[in-house]
Structures are given as C-alpha cells and as structure tokens.
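S.K.: Please find one structure pasted underneath; my questions will follow.
Okay, here's the thing in structure tokens:
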C-alpha cells in the first residue's frame, strides 16, 4: 500500500542511524532558544501552540453561547444581554483574527513550506520571527478586552455603533487587529519571496505541491488586502477617539464607506481562511489515494483565480445597506463566478479519488468530510449571493450556518486533517489511528447536528446575534446546542489523541508514513535544523505515483 | 566618522545561512521591498479613496477649506523632498561605486532634508491648530460658508500625519544605513540595504507628490 520509495533511498544515507538523533527540537534547549530562534519549524510550532490555544478559548466561548441559547425562557438565562453580545463578539473576533487567518499559514505552512521546496528556511527568517511577535502583541491587545470591558460590536466593528455608541474597548481590540494585520502581511510577503527564490533545483512551478499553490494565492491576498483593513481600522480608531467625521453620519461622514472598506479586506480575507484548507485537501487526497492528482493545473490556477475574483465581490455583504441596484447586480453576478473555480476543485478532488487506492486513514477521513461540508457551505453561499433571496436571508442563522460550513466544515476540518497528516513529520510520533478516526467521525456528526439545524432556523426567520427567541425555535436551538457539545467533544478527543502520542513510550514515526512523494517526506521525522543534509534535487512531479488511473486494481 | 578604516569583513559576511548565493539573496531582498511598497500603496489607497469620495460630496466645502492651506509652504516642502530623493539616489550610486565618503555625505543631506520637511510641516500644523482647524474637541473653525468643513481637515491631517510618520521612520532607517556605511559594510558587492531604504524613501516622496496637488492646489 505504501510506496515509500524515496524515503527508503534516503534512509540509507550515512549518519541516519538509530539512537538519540539531532533534530530541530533537541538541537538547542531552553525557553530563550525558542524565543530567539529563526528556524521556521520552531516558529511554526510556536504559532501552532498560540493559535490552537486561541481556538480553544474561542471555541469555549461558542459553547457558552450555545448553552445560553438552549432555552429562551427568562429564568434559564445565565448571561445578561450585554454579556451575550460580548461573548459572541469575542468568539468571532478571536476565531477570525487570532485563529483562522494566522493558524494555517503561520503555523502549518511555516513548518512545511521550506521542507516541501527543499530549502533550509524561509526567505526572511527574522521577519518570520517578528511576525510571530507581532501576533503575540496583537493578541495581547485583543485579550485585554476580555479582561477589561469586553467588546460588543460584533467582529465587523460596524460604525456608527462602534465609533460613538458602544461602551466597550473598541480601540484596544481594533488596535490589536491593526497589529495582527502587520503580522499577516509579513507572513504573506515572506512566503511569496520564499516560493519564488528558494525552490531546490528541479522544482519548477508546476512541480510544486498544490498546497503551495494555495499558499501562494493566500499570500497574495494577505499582502494586497490587509493594508486596506489597516487604514480602515486606523480611521475607525481616530473616529472614535477624536470624532473626525469620516464615518460618523452626524459629522458628515459615511458609515457605508466603512462597510465598503471593511469588506474590501474582509471578503478577500475569507479566502485567506479557506484557500489554505483547499490546498491541504489537495495534498491529503492525492497522497492517501496514492494517485496522481486529477487536473493539477486546473486546481493550481483555480486557487489563483479565487484569489483574484475574491477582490471583486465585497459588495455582496452590503445588499441591504444602501448600494445602487446596478452595483448590487454586478456584485451578485461576480459572486456566482467565484463558484466556478471552487467547483473545479471539488470535481477534480472527486475524480482523483475515483480509481485510486484509498487508505481510509484519519487525514483521508477529514479530507472526505471536507468535500461533503465544503460543498454544502459553497452552495449555500450561492443562495446568499442571489439578490432576491438575500433580502430575506440577510442577518439570519442561514448566514451563520453557511459561514460555519465553509470556515469550520472547510478550514477547520482541513486544518485538523493537515495536523494529522504532518504530525509524524512535526513531532516524529504516530498518533493512534483508531481514536483519530473515531474523533473525526464524532466531529463530522457533531458539526452537522450543530449547523445543519441552523439552515432550518435561518430559513424560518431566526435572526442571528439575538439574545433570545420565540418559543417555536426552541427544539431546533436545543438540537444545535447538543450538536455543539458533540463537536466540542470530538475536537478535544482529536487533540488529546495527538498529544497522547508525545508520551514517553509513544510510537516513533518513520520518515514517510503515508508514502508521499513530496520533499518533506525525505527529511527526517522530525527534521534536522537545516532540514536536509544537502540540497535535494527533484526529478519528478509531486504526485507521480507509480501506478495511476482506474485500471490500477 | 568616515575616517575609521573598516575591520576586515569576510566578503560574504551578509549572506544568510539559508542562501546558496549572494545574488539570490539580493534578488529576494529586492523582491521583498517591492512587495512591501505595494502594501504601502494600498494602505494610502484607502485614504485617497476617501478623499475622492468626500471631495465629490462636499466639493464647495473642499474648495473653501483648501484655501486655508498655504501652498507656498507646501510647495517648499515638495522641493525639499524631491531634493532628498535625488540625494538618496546619489547615495545608492555612491555605495555601488565603493565611494564610502560620498555615500555618507549624501545620506546625511537626505536626513537633513527630511528634518527640514518636518520643521516646515510643524509650522503649518501649529498654525492650523491655533486657528482651531484640528478635528477633535477643539475644532472651532468659524467663518465657513459651506457644510462639513471638518471632513476636509480630517482627511488633511490623516493623510499628512501618516505621511509624516513615514518620514520619521525613513529618517530612522537612513540613520541606520548611514551608521552601517560608516562601518564600511557597503561596497559594490553588497549595497542591498542602501537600495532598499532608498526605494522606501522614493515611495514616501512619491506619496507627497500626490498629496501636495490634491490637498493644496486642486480647488
């Protein structure tokens, strides 16, 4: 089943014997060695640790919300309305700015990108470390809001509520997000230059693993969109502090301008969130089906197409906020166009599975969950892109469900799948396959229980962000809450399973446990600090598995 | 300070551990700077966008308000900045031709120009604040006939303020390469930091080239 040709060859090299080998984890010891490292692998680990911590905190906030919504009756509330607003705002802001945007690029891709192209490090190692420090500083500002007055504006910080009315820590959080933006830009800039300038001999652009094509597309958006968010938040901070009248309608400003600026960043930003997931899935499916990927160039260029077209659809967030009818029609049309490259990807992934020799290991289970959930998330996005339907669906649970199908069903599932896939490379340990698969199934069931229910809630008129609701919605809300508990349990089980492999007697991972053909599987598990003893030379494509095509059986 | 001889530096002292060749590192650095400049343009782009929207909304107010600005001071600052761009370019050229003394001279003149720019800008700001034209609690502008004169001054102070911040950062960067030049680090083999800071400085200059006519002259 496993075709670890390259790994076997590489393992015959001298100096790769048993015993306590030198690797990037034990090369240097002590906290200071971590905090001053420029090794992309260590920075990636610190990113992963930080972002997953944020994910757990923000996830617990989500569970709090679901428990609060279990019953609408007055006596069953354990949060005040204000506290409820603060919890959902922090859930959203932390998930978006502290977990999803930096998590996969800063954490996972930081680790695998140089390994996959046979480089010793990213192009600008010190900038990489600076990006992590900026992330920590930005996170500190955001978290300071929890500890002080909270934030109740929603993660979108809409004016004029955020600039004049809200009594909460708007400036602290938006300044934190401003700093996080720099962190994001530095990561994107670094990765673009790395992919251009540090590929090992033989790795042409068409021999890049597909995950790096989507890294590239993601980085382009990070570089081109984030500066606009920066100036928007800066204007918002000045509006709130000095009432400069750019966004405040009482002073001659325009709140819709804020929405244009905000979504000019934040719509491309949802592609910063989903494109890395799409990239991971491409690699997971090819490797665990042991089959040459179907439509390599189509998948590669559809990533770039999504990145480009994604800049032209921001207006579909504003169908109901005072936009000309012509503009709304154009935005609606371009929104439909985004579905084309997304559909190309889904069909190519499915075709790759067809006739492949599929190993139903944990990463593959996550990849299949992704296909199912992302397709639902994408298609329901088309509902919302329709002008007539959106008037009714705007600001209902339908939007919440759509967004979570893409962001959790898509990105988070891909992230967890990718963590399982590269865990042996990162830590040198193998996780328990049975518990890993079980956790994946629990996550899949829990997720659908939580969010499929919300499509029903939304289409029946349940508005989002409401503290309480009509009695008729209670059964669906309760079902969604139970689903959230199942989902939470599944994710904790997956995390616990991964961490349990780190115990003293945990099973050691070979170089290439899945039979992948990309370069990271030729490095040691875990890799040495320089990644490779000597710069590798590549003579084949990333998915040139020996036997391909449906006749393989 | 230009008289001390540099300590012996290995010819490839600047090449990072992860680069095979100095040339590739140089190309990568240059590419990084250019991408950074693109982010800067998008950052200012938001403000330019706001400027054009409010100018079309409150055209009369913009015309009336911009007359409060002194185009002579703005023009003087434009000349100062263009001069500094020239000296910056000459500094890069001097670094490429191993002329350490001239590199340091040109960088010093560039810093002096930047400082002159800030002094002139300070004078303008001081004058505006005294007239109560700084948006905020003390905005007391009187005698305006058109509505919303504040919006113009908000955009004026945001644009020139952020640009001024870039000038300050640029002075720090130029000082940094000036000190490195004094240590003899740059030569025809290695001048990437001088060129990189130079590119940044030209962008700061370029932004002002657009700010000056938009804010001071268009009416």
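Residue numbers (this note's numbering), protein chains in the order written: chain A, 1 to 553; chain B, 1 to 219. Think of the CB as a built atom: it goes at the ideal place given N, C-alpha and C, for glycine as much as any other residue.
Look at the Cβ atom of residue 502 of chain A, then the Cβ atom of residue 544 of chain A, and state whether they are nearer than 8 Å.
M.R.: No, they are not a contact pair.
S.K.: Would you mind telling me which residues of chain B sit closer than 7 Å to residue 119 of chain A, beta carbon to beta carbon, in chain order?
M.R.: Going along chain B in sequence order, the residues near residue 119 of chain A (Cβ under 7 Å) are 18.
S.K.: Over the uninterrupted alpha helix (DSSP H) stretch that includes residue 89 of chain A, give me the two end residues.
M.R.: Run containing residue 89 of chain A: 81 to 93, per the alpha helix (DSSP H) assignment.
S.K.: For a cutoff of 8 Å on Cβ pairs, would you count residue 27 of chain B as touching chain E?
M.R.: Absence of chain E from the displayed structure is noted, the protein chains being A and B.
S.K.: Name the DSSP beta bridge partners of residue 531 of chain A, please?
M.R.: According to DSSP, residue 531 of chain A bridges with A/528.
S.K.: Could you tell me how far apart the beta carbons of residue 174 of chain A and residue 157 of chain A are, in whole angstroms, since I believe they sit closer than 8 Å?
M.R.: Going by Cβ atoms, the distance from residue 174 of chain A to residue 157 of chain A rounds to 6 Å, so yes, they are a contact pair.
S.K.: Report the three-state DSSP secondary structure of residue 536 of chain A (helix, strand or coil).
M.R.: Here residue 536 of chain A sits in coil by DSSP.
S.K.: For residue 41 of chain B and residue 210 of chain B, what's the separation of their Cα atoms in angstroms?
M.R.: So the two alpha carbons sit approximately 12 Å from each other.
S.K.: Determine whether the beta carbon atoms of residue 72 of chain A and residue 454 of chain A lie at a separation below 8 Å.
M.R.: Not a contact, by the Cβ cut-off of 8 Å.
S.K.: Taking the alpha carbon of residue 522 of chain A as the reference point, which residue from A/66, A/512, A/463 has its own alpha carbon closest?
M.R.: With distances taken between Cα atoms, residue 522 of chain A lies closest to A/512.
S.K.: Within 10 angstroms of the Cβ of residue 225 of chain A, are there 16 or more other Cβ atoms? Answer buried if so, exposed if not.
M.R.: Burial call: buried.
S.K.: Contact check, residue 493 of chain A vs residue 435 of chain A under 8 Å by CB: the rounded distance?
M.R.: That belief holds up - the Cβ atoms of residue 493 of chain A and residue 435 of chain A are roughly 7 Å apart, short of 8 Å.
S.K.: Taking 8 Å as the threshold (beta carbon to beta carbon), is residue 97 of chain B in contact with chain A?
M.R.: Answer no: the Cβ-Cβ gap between residue 97 of chain B and chain A never drops below 8 Å.
S.K.: Mind checking residue 176 of chain A: buried by the 16 CB within 10 Å criterion, or exposed?
M.R.: It is buried - the Cβ of residue 176 of chain A has at least 16 other Cβ atoms within 10 Å.
S.K.: Do we get a CB-CB distance below 8 Å when we pair residue 75 of chain B with the residues of chain A?
M.R.: It does not; no Cβ of chain A falls within 8 Å.
S.K.: Along the chain, where does the alpha helix (DSSP H) containing residue 462 of chain A start, and where does it finish?
M.R.: From DSSP, residue 462 of chain A is part of no alpha helix (DSSP H); its letter is neither H nor E.
S.K.: Hey, is residue 82 of chain A close to the ligand SAH, as in C-beta under 7 Å from one of its heavy atoms?
M.R.: No copy of the ligand SAH appears in this structure; indeed no ligand is present at all.
S.K.: Suppose you measure from the CA of residue 146 of chain B to the CA of residue 217 of chain B; what does that come to, to the nearest Å?
M.R.: In a straight line, the C-alpha of residue 146 of chain B is about 19 Å away from that of residue 217 of chain B.
S.K.: Quick check: residue 294 of chain A and residue 362 of chain A, are their CB atoms within less than 8 Å of each other?
M.R.: Their beta carbons are not under 8 Å apart, which means residue 294 of chain A does not touch residue 362 of chain A by this criterion.
S.K.: Which first and last residues belong to the alpha helix (DSSP H) in which residue 227 of chain A is found?
M.R.: From DSSP, the alpha helix (DSSP H) with residue 227 of chain A extends over 210 to 242.
S.K.: Below 8 Å on the Cβ atoms is my contact criterion, and I expect residue 137 of chain B with residue 29 of chain B to pass it. Report the Cβ-Cβ distance as a whole number of Å.
M.R.: Wrong, their Cβ atoms sit about 45 Å apart, outside the cutoff.
S.K.: DSSP three-state call for residue 66 of chain A: helix, strand or coil?
M.R.: In this structure, residue 66 of chain A counts as helix in the three-state DSSP scheme.
S.K.: As a quick exercise: from B/153, B/194, B/199, B/51, pick the residue whose alpha carbon is nearest that of residue 67 of chain B.
M.R.: Per the Cα distances, B/153.
S.K.: Name the residues in the segment 58 to 89 of chain B whose C-beta lies less than 8 Å from a C-beta of chain A; which are they?
M.R.: Residues passing the 8 Å Cβ filter: 58.
S.K.: Give a yes or no on whether 8 Å exceeds the smallest Cβ distance from residue 196 of chain A to chain B.
M.R.: Taking Cβ atoms only, chain B reaches closer than 8 Å to residue 196 of chain A, which makes this a yes.
S.K.: Sort B/183, B/91, B/179, B/65 by Cα distance to residue 141 of chain B and report the nearest one.
M.R.: Selected option, being the one with the closest Cα: B/65.
S.K.: What does residue 105 of chain A touch in chain B if you count any residue whose Cβ is under 8 Å from its own?
M.R.: Neighbours of residue 105 of chain A on chain B: none; closest Cβ ~15 Å, over 8 Å.
S.K.: Can you list the residues of chain B that residue 335 of chain A reaches, using a CB-CB cut of under 7 Å?
M.R.: Correct list: empty, because the minimum Cβ distance to chain B is about 22 Å.
S.K.: Thinking just about the alpha-carbon of each residue, which of A/296, A/445, A/347 is nearest to the one in residue 541 of chain A?
M.R.: Closest option to residue 541 of chain A, Cα to Cα, is A/296.
S.K.: Taking 7 Å as the limit between beta carbons, can you name the residues of its chain near residue 214 of chain A, skipping five residues before and five after?
M.R.: Closer than 7 Å at Cβ, skipping near neighbours: 275, 276, 278, 279, 303.
S.K.: Using 8 Å for Cβ pairs, my map puts residue 89 of chain A next to residue 155 of chain A. What's the rounded Cβ distance?
M.R.: Confirmed, about 6 Å.
S.K.: Grouping DSSP H, G and I as helix and E and B as strand, with all else coil, what is residue 42 of chain A?
M.R.: DSSP places residue 42 of chain A in helix when its eight states are reduced to three.
S.K.: Per DSSP, what are the beta-bridge partners of residue 39 of chain B in this structure?
M.R.: None; residue 39 of chain B has no bridge partner.
S.K.: Would you mind telling me which residues of chain A sit closer than 7 Å to residue 47 of chain B, beta carbon to beta carbon, in chain order?
M.R.: Near residue 47 of chain B (Cβ distances below 7 Å), the residues of chain A are 231.
S.K.: In angstroms, rounded to a whole number, what distance separates the CA positions of residue 109 of chain A and residue 119 of chain B?
M.R.: So the two alpha carbons sit approximately 46 Å from each other.
S.K.: Is the Cβ of residue 246 of chain A closer than 8 Å to any Cβ of chain B?
M.R.: So, interface residue.
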